[in-house]
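J.: I have a structure here, written as structure tokens, and I will follow up with some questions on it.
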Amino acid sequence: MIARKAHLDTLAISLLLGCCLFWGLQQVLIKATIAEMPPMFQASLRLVGATALLWLWCWWRNIPLFNRDASLRAGLLAGALFSAEFACIYGGLQYTSASRLTVFLYTSPFWVAVLVPIWVKSERLRGMQWIGLLFAFIAVVFALREGFAGGAAATAGGDLLGLMAGMMWGLTTVVIRATGLSKVSAEKLLFYQLTVSALALPLLSLALGEVWVWQFSPFAITSLLLQTVIGAFASYLAWMWMLGRYPATKISVFVFFTPLFALLFGALGLHESVTPGLLAALATVAAGIVLVNRKPAAR
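Under my numbering, the very last position in the sequence shown is 313; numbers go up by exactly one each time.
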């Protein structure tokens, strides 16, 4: 029986900040590495490596991955959505900045808030939560308008892919919440997502005609190792471990730090411009998420 805690302790806060910091850096690493590795090929190497690491982890820990538990169909669907999310992230970073894409990616809680109540009636939205969704919608429209207004340097294509990635992330969460996947182990749930992606993205890379190159600079190798070992393996496992032991509502607040870290690393590492409009959109999205996740007052 897993002992759950009512409050975040020092370990949880440290892990959460570490995960959010790396997730903000991760988009910058991906974009900087696209110059050497085509995006889908880069994603393929990352996810194949992460799948192998997770399988070794489960073998070492004696965690069953192939037992019959009626989760296969839902697991494959979650894996397909996870694959689409990563395809949109890696594809979108060709056309927009890492900081802009991260802002759109982290609209995922709104897709969850809108869609989960369709299957989970107890989570229907109330008035203040609908106001939060309106805030988010206004912020996204405003940020997209800025992307379309860039002329030759317009980022709208990448922005839309970032928004689609957020939607796919949200839909993955909906599938997990609305099916029996919420009852399987965190390792098996992650294994479904990584394995389907490791099979699908190489095929997408070939379909797009990407050239697979096998000679990389030390920076590209380091980037790929960080994305694989920390990003797709360790940080995801840590996140799922925390979800099983700490209040989900208190954990979810920390994801607000990720777009801020992405803005910081994008400006420092890639010299990306941080416009007032993007900062305003980020603040409005964050305010909307707070309102959507706000608990109703006790009667």
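For every residue, glycine included, the Cβ atom is placed at its ideal position computed from N, Cα and C. Keep in mind that this is a model prediction, so the values were computed, not measured.
Return the residue from the list 208, 176 and 277 that minimises the CA-CA distance to residue 89.
T.: The count along the sequence shown starts at 1 and reaches residue 89 at position 75. Proximity to residue 89 across 208, 176 and 277 peaks at 208, based on C-alpha coordinates.
J.: Are the CB atoms of residue 178 and residue 125 within a distance shorter than 7 angstroms?
T.: Translated into positions along the sequence shown, residue 125 becomes position 111. Translated into positions along the sequence shown, residue 178 becomes position 164. No, they are not a contact pair.
J.: Pull up the distance between the alpha-carbon of residue 41 and that of residue 145, whole angstroms please.
T.: For the purposes of this step, residue 41 is taken as the residue at position 27 of the sequence shown. For the purposes of this step, residue 145 is taken as the residue at position 131 of the sequence shown. Whole-angstrom Cα-Cα distance: 30 angstroms.
J.: Kindly indicate the opening and closing residues of the alpha helix (DSSP H) around residue 172.
T.: Reading the sequence shown from its first residue, position 158 is the one you call residue 172. Residues 170-192.
J.: Assuming residue 96 contacts residue 210 under a Cβ cut-off of 8 angstroms, what Cβ separation, rounded to an integer in Å, is found between them?
T.: The residue given as residue 96 occupies position 82 in the sequence shown. The residue given as residue 210 occupies position 196 in the sequence shown. So it is a contact: roughly 7 angstroms between Cβ atoms.
J.: With distances taken between CB atoms, is the gap from residue 215 to residue 57 smaller than 7 angstroms?
T.: Along the sequence shown, one-based indexing puts residue 215 at 201. Along the sequence shown, one-based indexing puts residue 57 at 43. Closer than 7 angstroms, so yes.
J.: Nearest by alpha-carbon distance to residue 171: which of 115, 295 and 36 is it?
T.: On the sequence shown, residue 171 is found 157 positions in, with the first residue counted as 1. Comparing Cα positions, the closest option is 115.
J.: Enumerate, from N- to C-terminal direction, the unbroken alpha helix (DSSP H) stretches of 4 or more residues contained entirely within the segment 192-280.
T.: 200-221, 232-239, 250-257 and 262-266
J.: For residue 52, which residues from the same chain have a beta carbon less than 7 angstroms from its beta carbon, with the 5 sequence-adjacent residues on both sides left out?
T.: Locating residue 52 in the sequence shown gives position 38, counting from the first residue. Cβ within range, chain order: 219, 224 and 225.
J.: I need the DSSP call for residue 80, collapsed to helix, strand or coil.
T.: One-based indexing of the sequence shown puts residue 80 at position 66. Residue 80: coil per DSSP, three-state reduction.
J.: Alpha carbon to alpha carbon, how far is residue 166 from residue 278?
T.: Walking along the sequence shown from the start, residue 166 turns up at place 152. Walking along the sequence shown from the start, residue 278 turns up at place 264. Only weak support is given to the placement of residue 166: the predicted model assigns it a pLDDT of 46, under 50, and the value that follows is read from those uncertain coordinates. Answer to the nearest angstrom: the Cα atoms are 25 angstroms apart.
J.: Should residue 275 go down as buried or exposed, given a rule of 16 or more other Cβ atoms within 10 Å for buried?
T.: Position 261 of the sequence shown, counted from the first residue, corresponds to residue 275. Residue 275 comes out buried.
J.: Pull up the distance between the alpha-carbon of residue 28 and that of residue 272, whole angstroms please.
T.: Translated into the one-based positions of the sequence shown, residue 28 becomes position 14. Translated into the one-based positions of the sequence shown, residue 272 becomes position 258. Rounded to the nearest angstrom, the two C-alpha atoms are 14 angstroms apart.
J.: Can you tell me where the alpha helix (DSSP H) with residue 104 in it begins and where it stops?
T.: Within the sequence shown, numbered from 1, the residue matching residue 104 stands at position 90. Segment 86-106, the alpha helix (DSSP H) holding residue 104.
J.: Taking only three categories from DSSP, how would you classify residue 19?
T.: Sequence index remark: in the sequence shown, residue 19 carries index 5 (1-based). Looking at residue 19 - three-state DSSP - the assignment turns out to be coil, as it is neither helix nor strand.
J.: Taking the Cβ atom as the reference point for each residue, do residue 202 and residue 70 lie within a distance shorter than 7 angstroms?
T.: One-based indexing of the sequence shown puts residue 202 at position 188. One-based indexing of the sequence shown puts residue 70 at position 56. Not closer than 7 angstroms, so no.
J.: Can you name, in chain order, every residue of its own chain whose Cβ lies under 8 angstroms from the Cβ of residue 102, other than the five neighbours on each side?
T.: Position 88 of the sequence shown holds residue 102. Once the five neighbours on either side are set aside, the close Cβ partners of residue 102 are 175, 176, 178, 179 and 182.
J.: Whole angstroms are fine: how far does the CA of residue 38 sit from the CA of residue 248?
T.: Reading the sequence shown from its first residue, position 234 is the one you call residue 248. Reading the sequence shown from its first residue, position 24 is the one you call residue 38. Cα-Cα distance, rounded: 15 angstroms.
J.: Quick check on residue 336: buried or exposed, where buried means 16 or more other Cβ atoms within 10 Å of its Cβ?
T.: The chain is shown from 15 up to 313; residue 336 falls before or after that span and cannot be answered.
J.: Among 49, 36 and 111, which one has its Cα closest to the Cα of residue 173?
T.: Counting from 1 along the sequence shown, the entry for residue 173 is found at position 159. Considering only alpha carbons, the answer is 111.
J.: Where residue 251 and residue 297 are concerned, what is the direct C-alpha to C-alpha distance, given to the nearest angstrom?
T.: Your numbering for residue 251 matches position 237 in the sequence shown. Your numbering for residue 297 matches position 283 in the sequence shown. Cα to Cα, residue 251 sits roughly 29 angstroms from residue 297.
J.: With burial defined as no fewer than 16 other Cβ atoms inside 10 Å of the residue's Cβ, what is the status of residue 227: buried or exposed?
T.: Counted from its first residue, the sequence shown places residue 227 at position 213. Flag for residue 227 reads exposed.
J.: Please tell me whether residue 85 and residue 194 are closer than 7 angstroms, where the distance is taken between their beta carbons.
T.: In the sequence shown, residue 85 corresponds to position 71, counting from 1. In the sequence shown, residue 194 corresponds to position 180, counting from 1. Yes, the pair counts as a contact, with Cβ atoms nearer than the cut-off.
J.: State the start and end residues of the unbroken alpha helix (DSSP H) segment that holds residue 53.
T.: As a first step, residue 53 is located in the sequence shown; it is residue number 39 there, counting from the start. Its alpha helix (DSSP H) spans residues 53-75.
J.: Helix, strand or coil: which one does DSSP assign to residue 114?
T.: By 1-based counting over the sequence shown, the position of residue 114 is 100. Residue state, collapsed to three classes: helix.
J.: Near residue 313, what residues of its chain come up, given a Cβ to Cβ distance below 8 angstroms and the 5 sequence neighbours on each side ignored?
T.: Start at 1 with the first residue of the sequence shown, and residue 313 comes out as number 299. For residue 313, the predicted structure reports a pLDDT of 45, less than 50, and the residue's modelled location is therefore unreliable. A value from the coordinates is still provided. Nothing meets the Cβ criterion.
J.: Using the Cα positions of residue 237 and residue 54, report the straight-line distance between them to the nearest angstrom.
T.: Position 223 of the sequence shown, counting from 1, holds the residue named residue 237. Position 40 of the sequence shown, counting from 1, holds the residue named residue 54. Using only the alpha carbons, I get a separation of about 15 angstroms.
J.: Quick check: what's the CA-CA separation for residue 45 versus residue 104?
T.: For this step, residue 45 is matched to residue 31 along the sequence shown. For this step, residue 104 is matched to residue 90 along the sequence shown. C-alpha separation (whole angstroms): 8 angstroms.
J.: With DSSP run on the structure shown, which of helix, strand or coil describes residue 166?
T.: Along the sequence shown, read from residue 1 onward, the residue named residue 166 stands at position 152. Model confidence at residue 166 stands at a pLDDT of 46, short of 50, so the residue's coordinates are unreliable; what they give is reported in the following sentence. If DSSP states are grouped into helix, strand and coil, residue 166 belongs with the helices.
J.: Are the Cβ atoms of residue 187 and residue 64 separated by less than 7 angstroms?
T.: Here residue 187 is taken as the residue at index 173 of the sequence shown, counted from 1. Here residue 64 is taken as the residue at index 50 of the sequence shown, counted from 1. Not closer than 7 angstroms, so no.
J.: For residue 59 and residue 233, what's the separation of their Cα atoms in angstroms?
T.: Counted from its first residue, the sequence shown places residue 59 at position 45. Counted from its first residue, the sequence shown places residue 233 at position 219. Going by the C-alpha atoms only, they are around 15 angstroms apart.
J.: Does the Cβ of residue 73 have 16 or more other Cβ atoms within 10 Å, making it buried, or fewer, making it exposed?
T.: By 1-based counting over the sequence shown, the position of residue 73 is 59. It counts as exposed.
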